[in-house]
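J.: After the C-alpha cells below, expect a handful of questions from me.
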C-alpha cells in the first residue's frame with residue numbers, strides 16, 4: 001500500500017485567500033510531482049522535484065509555487081486563490097519514473 | 112516538449128479483449144507506463160515498458176515499439192470492474208512524468 005498522503009481532501013475557500021496543499025510520503029522517494037486534473041480529463045503536470053531543494057515547473061503553467069525542504073514533504077501554495085484554480089490537485093512520488101504512487105487528491109473549490 | 116495521444120473512449124462487453132493505443136512524442140525517452148483511474152479515485156500503476164516488446168501481468172499486457180513511438184495496453188477477459196479511465200505516461204531524462212489524454216473504458220454486461 002502506498003504511503004503518500006494529501007491534506008485536506010476537500011477545500012472550499014474564498015477568492016483572494018492564500019492556501020497550502022500538503023503532500024507527504026514515507027517511502028523515501030526522491031521524485032515528487034503535482035498534477036492538476038479536472039473531472040474526466042487528463043492529468044497536467046504543474047510542478048515536479050527530483051530531490052531536496054530542487055523544483056521545476058511542469059508543462060502546464062500554474063500560479064502556484066512549491067518547496068522541497070525535506071525529502072518527505074512537497075507542499076503546494078497558492079498566494080491568492082481564484083475561481084479558475086478550482087480543480088483536483090494530485091500529488092505523486094516515485095523512486096524512478098517507473099511506478100508513481102498517488103495520494104488521494106485535494107478537491108479545491110474557490111468561490 | 113512531450114505529447115501523448117490516446118482514443119477518448121472505448122467500449123466492450125464482459126469477457127472481451129480490448130486494446131488501448133498510445134502514441135507519443137518526446138525527447139530523452141526512458142519508458143512508457145500505464146495507469147488506471149476509477150471515477151473519484153487516484154491513478155494506480157499497471158505496467159511499465161522500457162524495451163520493445165510485450166510485458167504481461169495477469170489479464171493486462173502492455174506493448175512498446177520505441178521505433179514507432181507507440182504502445183498499447185491489452186485487457187483480456189474484461190470484467191465490469193475494469194470500467195475506468197486508462198492513461199499512458201512517458202518518463203524522460205528530465206525526470207518528468209507526463210500523462211496522456213486518457214481513455215475511458217466502459218464495460219457492458
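Chains as they are written, first to last, in the working numbering: chain A, 1 to 111; chain B, 112 to 220.
Quick reminder that beta carbons are idealized off the backbone N, C-alpha and C, glycines included.
Quick caveat: nothing in here was measured; it's all calculated off a predicted structure.
Starting from residue 200 (chain B), follow the beta strand (DSSP E) in both directions and report where the run begins and ends.
T.: 195–203
J.: To test your reading of the DSSP string, which unbroken beta strand (DSSP E) runs of 3 or more residues are found completely within the segment 150–184 of chain B?
T.: DSSP assignment within the segment 150–184 of chain B yields the following whole beta strand (DSSP E) runs of 3 residues or more, N-terminal first: 155–160, 164–168, 171–176.
J.: Would you grab the beta carbon distance between residue 186 (chain B) and residue 128 (chain B) for me? Rounded to a whole angstrom, and I think it's under 8 Å.
T.: 7 Å
J.: Between the segment 44–55 of chain A and the segment 133–153 of chain B, are three or more C-beta pairs nearer than 8 Å?
T.: no
J.: Using 8 Å for Cβ pairs, my map puts residue 213 (chain B) next to residue 113 (chain B). What's the rounded Cβ distance?
T.: Incorrect: roughly 15 Å between the Cβ atoms, too far for contact.
J.: Could you check the C-alpha separation between residue 145 (chain B) and residue 197 (chain B) for me, to the nearest Å?
T.: For residue 145 (chain B) and residue 197 (chain B), the distance between alpha carbons rounds to 7 Å.
J.: What are the boundary residues of the beta strand (DSSP E) that residue 136 (chain B) is part of?
T.: 129–136
J.: Would the beta-carbon of residue 103 (chain A) fall within 7 Å of that of residue 19 (chain A)?
T.: no
J.: What first and last residue would you give for the beta strand (DSSP E) that runs through residue 80 (chain A)?
T.: Unbroken run through residue 80 (chain A): none, as it is neither H nor E.
J.: Going along the chain, which residues of its own chain have a beta-carbon closer than 7 Å to the beta-carbon of residue 156 (chain B), five neighbours each way excluded?
T.: 144, 146
J.: Does DSSP put residue 57 (chain A) in a helix, a strand or coil?
T.: strand
J.: Cβ closer than 8 Å: which chain C residues qualify as neighbours of residue 42 (chain A)?
T.: No chain C appears in the structure shown, which is made up of the protein chains A and B.
J.: Hey, would you say residue 72 (chain A) sits closer than 7 Å to residue 6 (chain A), going by beta carbons?
T.: no
J.: If you compare alpha carbons, which of A:84, A:40, A:68 is closest to residue 53 (chain A)?
T.: A:68
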